[in-house]
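Enquirer: I'd like to ask some things about the structure below.
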Amino acid sequence: MRKPMILSQEEIGRSAGTMMIVIGVTRLVEDEGMTPHEAFEQMERVKNSVFHALSEIHREVNQAGQEVVK
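Quick note: the sequence shown, position 3, residue 2 per numbering that gives the first Met the number 0, numbers continuous.
Right, here's the structure in full:
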């Protein structure tokens with residue numbers, strides 16, 4: 000079953016990382032003068048820039064966790 004595409008305020012509030020994303024996009028609009036469309040384009044560029052690094056981090060964390068269990 001897929002997760003719903005919209006997060007509730009409660010779900011956002013439970014995740015510090017998600018809150019940081021929301022705050023970051025809000026700052027792009029409020030403080031840096033981007034339109035919402037420009038802010039989401041920027042978020043997409045960030046996603047494309049860091050995806051492979053995050054995949055590597057995820058792989059390393061999983062390997063470290065498996066080594067601890069052994």
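Heads up, the beta-carbon is just placed ideally off N, CA and C, and yes, glycines get one too.
Short check: CB of methionine 19 to CB of leucine 27, under 8 Å?
Expert: For the purposes of this step, residue 19 is identified with residue 20 of the sequence shown, where counting begins at 1. For the purposes of this step, residue 27 is identified with residue 28 of the sequence shown, where counting begins at 1. Not a contact, by the Cβ cut-off of 8 Å.
Enquirer: Does the beta-carbon distance from alanine 38 to valine 24 come in below 8 Å?
Expert: Along the sequence shown, read from residue 1 onward, the residue named residue 38 stands at position 39. Along the sequence shown, read from residue 1 onward, the residue named residue 24 stands at position 25. It is a contact, given that the beta carbons lie within the stated cut-off.
Enquirer: Measuring alpha carbon to alpha carbon, tell me which residue in Val21, Ser48, Arg44 is nearest isoleucine 11.
Expert: Sequence index remark: in the sequence shown, residue 11 carries index 12 (1-based). It is Val21 whose Cα lies nearest to the Cα of isoleucine 11.
Enquirer: Considering arginine 26, what are the terminal residues of the alpha helix (DSSP H) in which it resides?
Expert: Within the sequence shown, the letter at position 27 stands for residue 26. Arginine 26 -> alpha helix (DSSP H) spans 15-29.
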